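Those protein sequence lines, which keep their order, are chains B and U. Just so you know, the first sequence maps onto residues 7 to 690 in the numbering used here. Just so you know, the second sequence maps onto residues 913 to 1056 in the numbering used here. Where is the CB? At the ideal position from N, CA and C, for every residue including glycine. Quick caveat, the model's predicted, so the values are computed rather than measured.
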Amino acid sequence: MTALGEFALWIALPIAFWGMVMGFVGGYHKRGELVLSGERSVHVVFILLVLASLGIINAFLTDQFQYWYVAGYSNRDLDTYFKISGLWAGQRGSLVFWAVLVAFFASITVFQNRNRNREFMPYVVGVLQGILGFFLVVLLFAKVNPFEQLGFVPADGQGLNPQLQNYWMTIHPPVLYLGFTAFTIPFAFAMAALLSGRLDSRWIVLTRRWTLLSWFFLTNGVIFGMRWAYEELGWGGYWFWDPVENASLLPWLTATAFLHSVMIQENRGMLKVWNMSLVLLTFLLTIFATFLTRSGLIESVHTFAQNTSIAFIFLVFMGSLFVAAVILIVYRLPALRSENQIESFVSREAAFLLNNLVLLGAAFAILWGTMFPLVSEAFTGQSIAVGPPFFNRVNLPIGLVLLALTGIGPVIAWRRATGRNLTRNFAMPLGVGAAVSIAFISLGVRDGYVLATFGLSAFVLAIVAVEFWKGTQARARIEGEGYATAFIHLVGRNRRRWGGYIVHVGIVLIFTAFAGRAFEVEVRKALNPGETVSVASPFGHVYTLIYEGISSSREQNFDRWVALMTVERNGSPVGSMSTERRFYRVNRQMVTEVGIRSTPMEDLYVILADVEDFDGIVANDPDAQRIVVQVMVNPLVPWIWYGGVIITIGSLIALWPAAEVVRRRRVLAVEEESPEALAGAASA
Amino acid sequence: MKNGRFYVGLVGVALVVTYLVWTGISDSMVYYLTPAELLAKVEQDRSFHGVGVKVSGKVVSGSYHKGDEDFVHLFQVHDIEHPDVAFPVVYRNVLPDTFTDDTEVVLEGRYGEDGVFHAKTLLTKCGSRYEAAPADLAGQGTAE
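Listed below in structure tokens is the structure:
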């Protein structure tokens, strides 16, 4: 099985290149049979990459430690989940995983478009197979072959890093990678539009769902990563501005910009060059993120590999793609001319453009800060670093502008907003926002950023609420429906719009949660059984934790010590919680598992900072129970996860094909059977 | 309205972001040094004691011990290229799980007049733990 996997990689390489050549040549010479061959090659490469992935998973499940990759990331006693997730635990497997996901999406795309959009498909196939070919070359020739053998069979593997032995390991990386790889499809269509010369909004309409799907996975991937980092001690909380975290945020920022700017092109025929540039930039950033995470080029607490040998190859690949795309864009400049001009600074176009500029500004600042140690060393010979203070300082004002635009963008008029449009839409929400800020000032909050965040959040929520209310009310009146039915029909009629509004609500919750960080409370104390530690929540109540004792046990892959606490809120018991230390025997490493007790407004977060006498506890010595804990109250943190759930609901509503869209698509498919459509469909 | 005026807006946003980045960097940048570089700098210029720096080095094997109070950790850090260049470090916080007597660490803090590095943050660099070197495995190998 595993040997077959390696064989599959070697077969996939020439087939990918065959498909690339067939796509480009078939498209250029309008030869349908060549295009068809290229399209079939996509499915073949997908199947081969599935075989390679199964080969790796099989090697993990059957403990084949003669493979370097398996020996480095697994051991006999490792949980089955983590053996399966071995596919993306390290650089080598990650590359295969990345490629198989791209091939999966490529295969779906080819299938969906077997009778449609024939003018794009040859180039789409060419671009996708070219990208897959590159990854296969790297896998097979850049000393990162996951099937490389050691030449001997170790008795046991080195084990997976204990910090990665967390259930998020099975969720966060795949979701993030789905986001990265799904964006390959919009990129391929954009390049196909440039190559084929069909430069109207068609490619954008076709890839709208793909972009949204990619964004949906990216958002969830980033939020899952935040949750994981929040639970893992030593990763600096849910966001630390660590290079790897930043790398996943960069494509998210540009993809968000793209998601908004395509609406201007669809509605007003503007920003065509801008959209091409954004799609290129986002795609390059997804590759950059994959590569930065797995190359060890920049120092990070999350860098799980030290192999910098592929850095150069990746830089050359990204550089060539960049140059080729820019040449194409310049060549097609006449056809990319804007059909309209921006008429006023006070218009939806302007608001969207500002949103784009600000998102790009944030991306630029974050990229700059992340690369600064490398850049400064290259130019001055002296490495200079910037940390979280830099990123917070730059991104706080940027974030506030974005937050405001979350409310302004959806309701401001296209072309030129009149005074009446502005008063009608913004007067009341501005009042609500101001009232909320004033309320917090009267409660004694003096931090300007916190007040602005709370005020703007209320402003945006008021705008969205009013929009939903107006829409529902109008529909209920016109159609004579009940309010609940009217609401459901309203959302169903224009899923993208209302789904988008719901996503904005989720974003607002997350911003509010960030501001909650200003109110964190922290207490540290050494405890013997029966002793208590108290911590006052910013919401006014007091938590008291009573230390009940610590016990030890031996698990499959680790030894554990669990400290148990009873929790009281204002003196009345509300439950218990535990925090623990684990010693992973194979890795010879200690891991702290924090205890989290979540309520809608705040988390009680307990760290077992120190254990006085591990062996004494194992020996059941009653005098060896002293521990040291750090207890924190983290206000509003749960809102990040609630915001994530709301974003998911909103994205799914926007992604779900509306009944009209399905009907329209059938009509479109018939229209597409025009003589100018490529021969591919005919020859099929 | 002509697009020309719009480019003014565009340049405006770009300037604001550049300003934020510029002031952000000059206010929060820290030198990133090796222990040897840090000691050389301090020798050159006594005022460097007060400057916040980031230092990467290796914990001296066996040098770690707990302070008298909880949350106080004392150890020595040496230069990776010049193992004889070392200085004592005091760190008052929860140690990361990956901290051992043998790890590479990145410290942020100040090198005090007292000759002790007062670390505000401590990160561990643990490449070797995340990815095994085949050489480590050779010892436990069995013939194929």
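By the criterion of a C-beta distance shorter than 8 Å, VAL279 (chain B) is surrounded in its chain by ILE335, LEU339 and LEU342, once the five residues flanking it on both sides are discounted.
Here THR412 (chain B) is buried, its C-beta having at least 16 other C-beta atoms within 10 Å. The alpha-carbon of VAL635 (chain B) is positioned some 21 Å away from that of THR1036 (chain U).
Secondary structure at TRP567 (chain B): strand, using DSSP grouped into helix, strand and coil. With contacts defined as CB atoms closer than 8 Å, SER267 (chain B) and LEU255 (chain B) fail to qualify as a contacting pair.
Less than 8 Å separates the beta-carbon of GLY649 (chain B) from that of ILE516 (chain B).
Taken through DSSP and simplified to helix, strand or coil, PHE111 (chain B) comes out as helix. Within chain B, the residues ALA391 have their CB atoms less than 7 Å from the CB of LYS966 (chain U), given in chain order. Ranking B:LEU15, B:GLU599, B:TYR549 and B:ARG560 by CA distance to the CA of GLY581 (chain B) puts B:TYR549 first. Contact check between the segment 111-119 of chain B and the segment 188-206 of chain B: three or more CB pairs, one atom from each, fall below 8 Å, which counts as touching.
Rounded to the nearest whole angstrom, the CA to CA distance from LEU373 (chain B) to PRO249 (chain B) is 9 Å.
Unbroken alpha helix (DSSP H) runs of no fewer than 4 residues, entirely contained in the segment 615-654 of chain B, are found at 620-624, following chain order. Contact annotation: in the segment 580-607 of chain B, residues whose CB is within less than 8 Å of a CB in chain U are ASN593, GLN595, MET596, VAL597 and THR598. In this structure, the CA atom of PRO152 (chain B) is about 18 Å from the CA atom of ASN167 (chain B). Nearest Cα to ASN64 (chain B) within the set B:THR8, B:ARG215 and B:ARG426: B:THR8. GLY44 (chain B) carries a helical assignment under DSSP once its states are collapsed to helix, strand and coil. Assigned with DSSP and collapsed to three states, PHE370 (chain B) falls in helix.
For chain U, the residues of the segment 358-382 of chain B that bring a beta carbon within less than 9 Å of one of its beta carbons are LEU359, LEU360, LEU363, VAL364, LEU366, GLY367, ALA368, PHE370, ALA371, TRP374, GLY375, PHE378, PRO379 and SER382, in chain order. Taking C-alpha positions only, VAL50 (chain B) is separated from ASP621 (chain B) by approximately 57 Å.
The beta carbon of ALA331 (chain B) is closer than 6 Å to those of LEU286 in its chain, skipping five residues each way along the sequence.
Annotated three-state conformation of PHE189 (chain B) is coil, per DSSP. Counting only Cβ-Cβ distances below 9 Å, PHE564 (chain B) has no contacts in chain U at all, with the closest Cβ about 12 Å away. By the C-beta criterion, the segment 582-589 of chain B is judged to be in contact with the segment 610-628 of chain B, since at least 3 inter-stretch pairs fall below 8 Å. Here ARG421 (chain B) really is in contact with SER353 (chain B); their C-beta atoms are around 5 Å apart, less than 8 Å. GLY139 (chain B) sits away from ALA261 (chain B), with the two beta carbons spaced by 8 Å or more.
PHE71 (chain B) is not a Cβ neighbour of LYS89 (chain B), given a cutoff of 8 Å. When B:SER604, B:ARG208 and B:SER350 are compared, the shortest CA-CA separation from ALA423 (chain B) is found for B:SER350. The closest CA to that of VAL600 (chain B), considering only B:PRO606, B:THR68 and B:LEU610, is found on B:LEU610. Residue pairing from DSSP leaves GLU993 (chain U) without any beta-bridge partner. Per DSSP, the unbroken beta strand (DSSP E) holding LEU551 (chain B) starts and ends at 548-560. Per DSSP, reduced to three states, the secondary structure at ARG958 (chain U) is helical. PRO395 (chain B) reaches chain U at SER940, counting residues in chain order whose Cβ is nearer than 7 Å. Scanning B:THR376, B:LEU496, B:GLU473 and B:ILE494 for the CA closest to the CA of HIS510 (chain B) turns up B:GLU473. Using a C-beta cut-off of 8 Å, the segment 940-948 of chain U makes contact with the segment 389-407 of chain B, since at least three inter-stretch Cβ pairs fall below that distance.
Around ILE992 (chain U), no beta-carbon contact reaches into chain B at under 8 Å, the shortest distance being about 13 Å.
Following the DSSP letters along the chain, one finds ILE494 (chain B) inside the alpha helix (DSSP H) bounded by residues 489-499.
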